[in-house]
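Everything on this sheet refers to the single structure shown next.
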DNA sequence: GACCTGCTGCGGTGTG
C-alpha cells in the first residue's frame, strides 16, 4: 500500500538530500520552493562524482544552486573540515559573494575567506594555519599561492572537496582563461587526485564548449544543467542621425583655444552627437538607465554633454561615468549613485558594467553605435527589465557620416547602422558569438613554465611537458615545439638547465618571476596617474600625451593640466571649464562571419524593420538602394575609383587571412571590414590570383606572416621565437582552413 | 576607431 499523504509541504527530492542544517536555513530564508537550477544541481553536486556546469541567467540563484549542496557536504561528518575553492574574475564579485555566503555560513560554523590583493596578509595566514571552509579567490592570487607556497599547497588543500569557477564564460578564450585551466591542473597534480569542478555561467550559446573548457578532453562527462531564460519581452527602438559638424569650424576652435579661451561644450561638439545627447536626456532623466557608447573617450564626451544639459536646466547631475581608467573612488561614486533610491541616476559606461556587479534595477539600456559583439549586446540588454512584468528596453543610436561623391563605400552602405540592425536581428534569433577557443597563448605557457619551476624549485623538461602540455591545457604544443621553445628561452637567459637536466630560472626569468606583476597572465599599458589636489581621479595611457595648460574631460568633469611629472608619471589637474576627452587607444575588435552574413541579408532584403525611427528608416532605404545599384546581391566584386572591392561578408579572421594571401602575390590588399580592398588589381588579376592560391595550397601561417612586424600581442610574446610566434599569432587572428574552404566554394570568382 | 581583469614577501620602523 502506498500513502498519498506528503510528509512535508516540499515535494522536492533534492531538498531531502540537503543536510538538515541547510534545510533549516532554506526554511528560515522563507523560500517556498527551490528554483529549477537548484533542484537539478543538488543531486550531482552532493554525489561529487562528476564535474557540473550550471548555466542560467543572472538572479536565478546560481550561487545557491552550487553552495547549498557544497555546504551540505562540508557539514557531513566524513567531510567535516573540508575546503571548497571558488575562483572568481573580479575582486568586486568576491566581495559581493563573500557577503552572501557569510549570511549563509555564520550559523553553520563554516568559515568563508575572501582571498585577493586587497585582503590583509594576516587573514590569509589565519586560513593557511587552519584551512577549512570556503575560499573565494582570483586566478592571480591562486597563481601566487602555487608559486610562493609551493611546498605547503598540498597540505593547505589536503581537504579540498570542490573547485567552483564563477562566471565561467568570462574566462573562456582568453590568456587568463588558459592560465586558470593550467592552475586547476597544477593543483590536482599537486594533490595527486581529481577534484570535482563546478562551473557557474550566464547562459551559453554552446554549453558543450564550456564543458570542454572546464575539463579539457573530457567535456562529454560533465553534467550540464541549463536553465533557459523565461523569455523576457523586448522593446527596441533604433534612431538614426547624421554626423554633422559643430557650430564652430575646426579653424575657429583652434584659434580660440590658442588664445586661451575656454570654449563651451555645445560649440565644439558635433551637432549630431548633441542631438543624441538631447534625446537621451529627455527620455532617460528621472529614471535609472545604462548608456553604452563604445569607448572610454565617448563615455567622457557623452557624460559631459548630458551633464551640461543638467546644468542648463539647473538640476543635479543625473549622469555618471564608469570605465576602467577611472579611480576606484570615482567608480564607486557612480555605483552608489545607481544603487541609492532617492535620486534618479544613469551610468554612461564601457563594458565595466556588463558583468554582474550589483547596481540595482535599471529601466532601459542605450547602445550608441553597433555593440562590440552580439554577445556583449545581449549581456548589456540583460541588465534591464529584470523586474517581474517589465520588458527589457533597448534604445540604439547610430551616427552616420554625411555623404559626398568621394565617400567610401562603407559610408554609402551605412555600415554602422546595418551592423547594429544585424546584431539586433541575431539577438532576436537568440544567436551570439561563441568564445574563440583555438588560441595557443604561448605567452601564458611561458608564465606557467616559470611558475611551475618556482613551485617545485626546479623541474625536468619531461615533467614540465607532461604537466603543462599533456595533462595541462597547452596541448597545441608538440614535443618538437616544446624543445624549440626551451632552447630559445635558454638562449635568452629566461631558463637555465643544471647538470642533472633540471630547468631553473635564468637571470631574465628570475627578474620576470620575482616581481609581483608576474601573477597576471595579461599585460597592462604604462599609464600616468591623474591627480587633483591629492585626490586620485584615475589614469591616462602614456600614449595619450598631455601638456601643461591642456584642458581635459575626465570622470564627467572638466580639468586644466597644472603639472606633468614625467619620472613619477603623475599629472596634476585643477577644475576648469573647457575640455576635450582624452584618447585611450586600443585595437579594433573582430566581427564574426555570422554577423557579416546577416548584414548582407539586411541590405539585400526589403523587410520592414518596425523598430527603426523615420531617419534610420530613410538611411537604411538609401543603403539598400546603393547595395542594389552596386550589384552586390549577385556579385562579390565592385570596381571603384581606387581599385577592386571584394564584398565577401566574412568575419575578420577570414578577411585578414585573404588579405595576407593576396599580399604574398604582390597585390596590395587591406581588410576594411565591410569589404576587402585590392589596389593594383582588376578582375582578371583577381581570378588568376585565386587560381594560383588554390594551386599552391601550401601556404602556412609562417609563410604568410614571414614579413609581418608586430606579432607580439600578449604579455610574453616577445620571448617566443619567430616561427612559433607566427603560428601563435595565427591561432588568435587568422583562419587558414576556413579561408581555403571559402575559396573553393562555387562561384567565389564570379 | 574596443573593452576588461590582477598583483607577494620582506624589511624597516613604530607602538604597547
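In my numbering, the protein residues as written are -2 to 747.
Glycine included, every Cβ here is placed at the ideal spot set by N, Cα and C.
Given the structure is predicted, the values throughout are model-derived calculations rather than measurements.
Per DSSP, the bridge partner or partners of residue 494: 500
Environment of residue 704 [buried if 16+ CB atoms lie within 10 Å]: exposed
Alpha-carbon to alpha-carbon, residue 199 and residue 53: 5 angstroms
Alpha carbon of residue 162 to alpha carbon of residue 215, nearest angstrom: 17 angstroms
CB of residue 711 within 8 angstroms of CB of residue 172, strictly: yes
Meets three-Cβ-pair contact criterion under 8 angstroms: the region 548 to 557 and the region 236 to 247: no
Cβ neighbours of residue 300 in the same chain (closer than 6 angstroms, five flanking residues each side left out): 316, 318, 345, 553
Reduced DSSP category for residue 131 - H, G, I as helix; E, B as strand; rest coil: strand
Opposing strand residues paired with residue 223 [DSSP bridges]: 52
Proximity below 8 angstroms, CB of residue 451 to CB of residue 147: yes
Helix, strand or coil at residue 466 [DSSP, three-state]: helix
Euclidean distance between Cα positions of residue 602 and residue 621: 8 angstroms
Residue environment, residue 512, which counts as buried when at least 16 other CB atoms sit within 10 Å: exposed
Per-residue DSSP class, three states only, for residue 393: strand
Whole-angstrom distance between residue 338 and residue 398, CA atom to CA atom: 39 angstroms
Within 8 angstroms, strictly: CB atoms of residue 207 and residue 139: no
Within 8 angstroms, strictly: CB atoms of residue 69 and residue 15: yes
Pairwise C-alpha distance: residue 505 and residue 186: 27 angstroms
Cβ pair residue 599, residue 415 closer than 8 angstroms: yes
Residue range of the unbroken alpha helix (DSSP H) whose run includes residue 708: No alpha helix (DSSP H) holds residue 708; DSSP gives it neither H nor E.
Neighbourhood of residue 404 by C-beta distance below 8 angstroms, restricted to the same chain and skipping five residues each side: 398
Runs of beta strand (DSSP E) wholly within the region 632 to 678 (minimum 3 residues, chain order): 634 to 637, 640 to 643, 666 to 668, 673 to 675
Segments assigned alpha helix (DSSP H), at least 4 residues, entirely inside the region 205 to 283: 247 to 255, 262 to 265, 268 to 281
Of the residues 174, 153, 81, 97, the one placed nearest residue 438, counting alpha carbons only: 174
Opposing strand residues paired with residue 364 [DSSP bridges]: 289, 393
Beta-carbon contacts of residue 421 that lie in its chain and below 8 angstroms, excluding the five residues immediately before and after: 233, 235, 374, 391, 393, 608
Under the three-state DSSP convention, the category residue 542 falls into: coil
Reference residue 363, options 352, 197, 354, 347, closest by Cα: 347
Residue 341 beta carbon less than 8 angstroms from that of residue 283: yes
Supposed contact pair residue 371 and residue 429 - C-beta distance, whole angstroms, cut 8 angstroms: 4 angstroms
Minimum C-alpha distance to residue 560 - residue among 178, 545, 530: 545
First and last residue of the uninterrupted beta strand (DSSP E) at residue 83: 80 to 84
Which listed residue (723, 675, 472, 637) has its alpha carbon closest to that of residue 179: 472
Euclidean distance between Cα positions of residue 677 and residue 699: 25 angstroms
Same chain, Cβ closer than 7 angstroms to residue 757, neighbours up to 5 away in sequence not counted: Nothing in the structure corresponds to residue 757, since the chain is present only between -2 and 747.
Rounded C-alpha distance that separates residue 376 from residue 360: 15 angstroms
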